[in-house]
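Residue 34 is where the sequence shown starts when you use the numbering used here, and the numbers rise one by one after that.
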Amino acid sequence: MSNSTPGQRFRDAVASEHPLQVVGAINANHALLAKRAGFKAIYLSGGGVAAGSLGVPDLGITGLDDVLTDVRRITDVCDLPLLVDVDTGFGSSAFNVARTVKSMIKFGAAAIHIEDQVGAKRCGHRPNKEIVSQQEMVDRIKAAVDARTDDSFVIMARTDALAVEGLESALDRAAACIEAGADMIFPEAITELEMYKLFANRVKAPILANITEFGATPLYTTEQLAGADVSLVLYPLSAFRAMNKAAENVYTAIRRDGTQQNVIDTMQTRMELYDRIDYHTFEQKLDALFAAKK
């Protein structure tokens with residue numbers, strides 16, 4: 034494991050891969066699978082925590098401690114730098130934002146993105162979003178930057194203004210956030226590829242493209258996004274969606290057929306699971322401990 038900070042590892046990954054693919058990991062097991070697949074950074078989605086850990090919609094219902102629990106579980110076993118969705122900062126004041134930033138650093142996150150929606154937020158790809166004033170968003174960024182106990186920790190500003198106020202407003206907000214100290218920009222629900230280049234030209238900072246399925250943004254390739262000056266490509270819930278569909282199919286088959294025999298070929302085997310979580314190394318240490326006591 035590297036001795037550098039999580040934030041610095043995230044920055045190094047952005048600098049070394051163009052664009053950096055950041056894949057969503059809904060839990061610690063998936064973080065290990067993402068690392069095995071060769072990804073250099075991972076992501077914890079706020080919508081994923083809401084739906085996956087709590088079984089509720091992504092409507093501002095989850096709290097800081099809910100997200101921190103999943104952050105700690107992931108960072109305990111996986112050293113890939115973790116970008117975390119902190120919604121609007123988990124509170125109405127600068128003190129709440131500061132607490133969120135300090136806690137994320139303490140729990141091993143590498144980066145966060147904080148957005149400009151109102152507290153009663155919605156998924157970024159749903160209609161009828163509402164956003165706070167530009168000044169309030171700037172204040173959120175300033176509070177986050179001031180609260181950093183590690184200068185390498187990445188503060189990313191997400192703006193949902195495109196769908197609410199239009200492109201120029203979104204560009205203005207992005208520029209204001211960079212001026213306030215944000216390190217990177219996440220323009221949400223982009224509908225045209227060339228828009229990313231406008232953000233990159235305006236702010237002269239890394240731009241993240243959220244390539245989520247079934248949303249407002251087309252499923253652009255990394256080659257297309259690189260041509261639009263995108264620095265990071267996010268796939269927030271791809272594996273989670275596939276996992277949910279697979280689970281639903283297995284439950285349906287077992288209930289219908291009275292056996293799992295007809296879906297066994299869709300499952301990860303016992304030995305594959307043991308390999309992915311390094312089961313045998315733990316077991317060998319346990320065997321050695323028992324042998325030493327005899």
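Note that CB positions come from ideal geometry on N, CA and C, so glycine has one too.
- No residue range can be given for E221, since it is assigned to no alpha helix (DSSP H) and is classified by DSSP as neither H nor E.
- Proximity of the stretch 214–227 to the stretch 64–71 falls short of the contact definition, fewer than three beta-carbon pairs being nearer than 8 Å.
- Rounded to whole angstroms, the separation of the alpha carbons of E225 and S86 is 33 Å.
- At a cut-off of 4 residues, the continuous stretches assigned as alpha helix (DSSP H) that sit fully inside the stretch 101–168 are 127–139.
- When DSSP assignments are scanned along the stretch 225–274, the uninterrupted stretches of alpha helix (DSSP H) that are 4 or more residues long and fall wholly within it turn out to be 226–236, 255–260.
- Per DSSP, G88 lies in no alpha helix (DSSP H) and is assigned neither H nor E.
- For the options M304, V283, I240, the alpha carbon positioned closest to that of V55 is the one of I240.
- For S271, same chain residues with a beta-carbon under 6 Å away, outside a window of 5 residues either side, do not exist.
- Assigned with DSSP and collapsed to three states, Q41 falls in helix.
- Going by C-alpha positions, L265 is about 8 Å away from H51.
- Rounded to whole angstroms, M170 and R191 show a C-alpha spacing of 10 Å.
- In the three-state DSSP reduction, I94 falls in the coil class, being neither helix nor strand.
- Distance between P251 and F323, taken at the CA atoms: about 56 Å.
- For Q301, there is no enclosing alpha helix (DSSP H), since its DSSP letter is neither H nor E.
- Residue environment for G152: exposed (fewer than 16 other C-beta atoms within 10 angstroms of its C-beta).
- Within the same chain, G152 come within 8 Å of S125 by CB-CB distance, once the 5 residues on both sides are set aside.
- Fewer than three Cβ pairs drawn from the stretch 308–320 and the stretch 281–299 lie within less than 8 Å of each other, which leaves the two stretches out of contact.
- Between the C-alpha atoms of T95 and R155 there is a straight-line separation of about 12 Å.
- Leaving aside the five residues that flank A58 on each side, the residues in its chain whose CB is nearer than 6 Å to its CB run, in chain order, A64, A67, I75.
- G79 has its alpha-carbon roughly 18 Å from the corresponding atom of A177.
- Where R181 is concerned, there is no enclosing beta strand (DSSP E), because DSSP gives it neither an H nor an E.
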